[in-house]
Amino acid sequence: MAESANATHEVINVTLHTTLAATTKLVVPTPAKPILPVQTGVQAQQEEQSSGMTIFFSLLVLAICIILVHLLIKYRLHFLPESVAVVSLGILMGAFIKIIEAQKLANWKEEEMFRPNMFFLLLLPPIIFESGYSLHKGNFFQNIGSITLFSVFGTAISAFIVGGGIYFLGQADVIYKLNMTDSFAFGSLISAVDPVATIAIFNALNVDPVLNMLVFGESILNDAVSIVLTNTAEGLTRENMSDVSGWQTFLQALGYFLKMFFGSAALGTLTGLISALISFLNHIDLRKTPSLEFGMMIIFAYLPYGLAEGISLSGIMAILFSGIVMSHYTHHNLSPVTQILMQQTLRTVAFMCETCVFAFLGLSIFSFPHKFEMSFVIWCIVLVLFGRAVNIFPLSYLLNFFRDHKITPKMMFIMWFSGLRGAIPYALSLHLGLEPIEKRQLIGTTTIIIVLFTILLLGGGTMPLIRLIDIEDSKARKRNKKDINLSKTEKMGNTIESEHLSELTEEEYEAQYIKRQDLKGFMWFDAKYLNPFFTRRLTQEDLHHGRIQMKTLTNKWYEEVRQGPSGSEDDEQELL
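The sequence shown runs 49 to 624 under our numbering.
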């Protein structure tokens, strides 16, 4: 009996211990997010000094680049795209700094290193938002289906061709061997196109506006898609996929991409619509205080990026769609002063960010350790060009079945040739956490070479090619070559896009949009329902008040100039 009782007690004790352990596991709270250690004392001082020198070096490089662009404009060197000039200047500055370091006169290795976090947090968001904000012209929405097909499906096709080609060539020991996820990550980042020089040439030669918008619109959406695809590949790399089949990996990657793409696009669209409603509501009317109105727009410009990144979505995709929606709806609810401020401020900030990135791209040739393999570089260039061709030509033929304005073979060839690579592939290559370190160096070196190859060779050959295949406008064909102006900055500073200034009354809007018979699909739905709901239709009193406000500011500025110490009526007459 005693032995039976002891056995019963042991069973009860084991049961109690098991129950308590299980209960304890259930009530254990999830560990709190670790708080990063705060640097204090000497360590904090050193970090501040290092950051200060980095900021100083970046601003110094930017100032030199601005002077270079000014000299290009002053001496009318309009045949040279500014991006090419800035990259070349960066190469020269990198060589000069390398010589100084070799002579042990200074050590700027840390300052000249381009930090990917600085690019994604500070430089890229203004560039992407300004690009979306500038897509207000009507033929963007008229070509939204074609642009979406090229930028989403075309970029995915290019990424799979480049990534798959690199993977299989590596397995065949033809080039450096990369695994599947690393190959796809490189294929995704190198598929981001940046035809800055090409767009400048298109504007200078007045090529077909549809071709201009197809190339420009595709490049804007393509950047965001490429970043999402690269993040998808990085996510697969971080997870242990060894026990998962290829089909399951593909489905997981597809689900991640769709969540990032549509979730981020929806967040950006919602943020843009909220900004339109806030600027539309009469009891939150900030139009009479442009400084507050402008401040609110700047907040909404960056708001979707921070929110999207905070909830593990793509901030770039969110800020792009927010910029498109704010340009289409919110902008027309603003006062004329704020509209002009938004145009000029966004252009200036985006120009400075782009210039900084292109300068550091040139500097990176000397500032980063490189691993160069000739076979890998050559095959990557071949795959990039082939992937671009498979993207453009089949999709263009498919779209021509549904388009009224056909994409001609000449336009297809120019779209293929204009697939330049730029700042985003370069920054993404630095952001990849690949191991071992030689793999990261190989990807970075190859990306820099491809970017320079496309900018200098393809970008430099675009104008002769357009003239050769006779695709430019007949009026532009009669111009002298000296009249061709590739300076984006000069055009940006000398003009205010009047079609982006809202001065349509209710009656004028109805006559210009609603009663038009050629509007179809989204354009008709937008003109009929969305635009009237989210935008403010001006009354004659609003127009009168806006013009008085602009005239008052102009007169006030003119009076202050006249009262200046060096001003005189003779000087004013001479200036006029």
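Just so it is clear, CB atoms sit at the ideal spot from N, CA and C, and this is done for glycine as well.
Applying the criterion that 16 or more other CB atoms from any shown protein chain within 10 Å of the CB defines a buried residue, is residue i buried or exposed?
{"i": "D452", "result": "exposed"}
{"i": "E96", "result": "exposed"}
{"i": "T337", "result": "exposed"}
{"i": "D221", "result": "exposed"}
{"i": "Y123", "result": "exposed"}
{"i": "V432", "result": "buried"}
{"i": "V255", "result": "buried"}
{"i": "S430", "result": "The displayed chain sequence assigns Val, not Ser, to residue 430. Under this definition V430 is an exposed residue."}
{"i": "S138", "result": "In the sequence under discussion, the amino acid at residue 138 is Gly, which differs from the Ser named in the question. Flag for G138 reads buried."}
{"i": "S477", "result": "buried"}
{"i": "F298", "result": "exposed"}
{"i": "A233", "result": "buried"}
{"i": "I359", "result": "exposed"}
{"i": "P384", "result": "buried"}
{"i": "G100", "result": "exposed"}
{"i": "V76", "result": "Confidence is the limiting factor: at V76 the pLDDT is only 44, short of 50, which leaves the residue's position unreliable and the question unanswerable from this model."}
Leaving aside the five residues before and after residue i along the sequence, list all residues of the same chain whose C-beta is less than 6 Å from its C-beta, in chain order.
{"i": "I372", "result": "G180 and L183"}
{"i": "F461", "result": "none"}
{"i": "Q300", "result": "none"}
{"i": "F177", "result": "A349, I367 and G371"}
{"i": "V134", "result": "C113, T403, F406 and A407"}
{"i": "A207", "result": "G235, S236, S239 and L277"}
{"i": "N439", "result": "G202, I205 and S206"}
{"i": "F369", "result": "A313, G316 and T317"}
First and last residue of the alpha helix (DSSP H) that includes residue i?
{"i": "E357", "result": "P338 to G358"}
{"i": "H376", "result": "G363 to H376"}
{"i": "G235", "result": "M228 to L237"}
{"i": "A207", "result": "T203 to Q219"}
{"i": "Y181", "result": "L172 to Y181"}
{"i": "F416", "result": "No alpha helix (DSSP H) holds F416; DSSP gives it neither H nor E."}
{"i": "S194", "result": "I192 to T196"}
{"i": "F582", "result": "N579 to F582"}
Tell me the rounded alpha-carbon separation between residue i and residue j.
{"i": "I268", "j": "I148", "result": "39 Å"}
{"i": "V425", "j": "V499", "result": "11 Å"}
{"i": "M166", "j": "E402", "result": "13 Å"}
{"i": "I209", "j": "G235", "result": "8 Å"}
{"i": "H479", "j": "L107", "result": "22 Å"}
{"i": "L259", "j": "M459", "result": "7 Å"}
{"i": "G218", "j": "S274", "result": "23 Å"}
{"i": "L110", "j": "R395", "result": "16 Å"}
{"i": "V200", "j": "Y304", "result": "15 Å"}
{"i": "G202", "j": "L262", "result": "13 Å"}
{"i": "C113", "j": "W295", "result": "49 Å"}
{"i": "A524", "j": "A437", "result": "Residue placement at A524 is poorly supported in this model, since its pLDDT is 47, which falls under 50; the coordinates are not used for a value here."}
{"i": "E421", "j": "L490", "result": "8 Å"}
{"i": "I175", "j": "V397", "result": "8 Å"}
{"i": "I472", "j": "A240", "result": "7 Å"}
{"i": "R488", "j": "G467", "result": "24 Å"}
{"i": "F342", "j": "W464", "result": "39 Å"}
{"i": "T280", "j": "L153", "result": "44 Å"}
{"i": "Q91", "j": "F188", "result": "51 Å"}
{"i": "L172", "j": "P129", "result": "21 Å"}
{"i": "R469", "j": "F216", "result": "24 Å"}
{"i": "L516", "j": "T510", "result": "10 Å"}
{"i": "S194", "j": "I223", "result": "36 Å"}
{"i": "L504", "j": "S131", "result": "10 Å"}
{"i": "L409", "j": "T494", "result": "13 Å"}
{"i": "G354", "j": "P457", "result": "42 Å"}
{"i": "S121", "j": "L389", "result": "Sequence inspection shows Ile at residue 121; the Ser mentioned does not correspond to that position. Looking at the two C-alpha atoms, the distance is approximately 23 Å."}
{"i": "L322", "j": "G481", "result": "Checking the displayed sequence, the identity of residue 322 turns out to be Ile instead of Leu. Between I322 and G481, the C-alpha separation is close to 37 Å."}
{"i": "F416", "j": "Q190", "result": "44 Å"}
If I measure Cβ to Cβ from residue i and keep anything under 7 Å in the same chain, skipping five residues before and after, which residues do I get?
{"i": "I455", "result": "S444, L447 and N448"}
{"i": "M400", "result": "L110"}
{"i": "L197", "result": "L443 and L447"}
Only counting the same chain, and skipping five residues up and downstream in sequence, which positions put a Cβ closer than 8 Å to that of residue i?
{"i": "S522", "result": "Caution is warranted here: a pLDDT of 47 is assigned to S522, below 50, making its placement in the model unreliable, and no coordinate value can be reported."}
{"i": "M308", "result": "V276, N279, T280, L361, S362 and M365"}
{"i": "T386", "result": "R335, P338, E341, F342 and M345"}
{"i": "E558", "result": "With a pLDDT of 49 at E558, under the threshold of 50, the predicted position of this residue should be treated as unreliable, and no value is reported."}
4 or more residues per run - each alpha helix (DSSP H) lying fully within the segment 446-532: When DSSP assignments are scanned along the segment 446-532, the uninterrupted stretches of alpha helix (DSSP H) that are 4 or more residues long and fall wholly within it turn out to be 457-465, 471-479, 485-501, 507-517 and 522-525.
Whole runs of the alpha helix (DSSP H) within the segment 95-162, excluding any shorter than 4 residues: Runs of the alpha helix (DSSP H) inside the segment 95-162: 130-150 and 157-160.
Could you tell me which whole alpha helix (DSSP H) segments of length 4 or greater appear in the segment 276-328? Complete alpha helix (DSSP H) runs here, min 4: 294-328.
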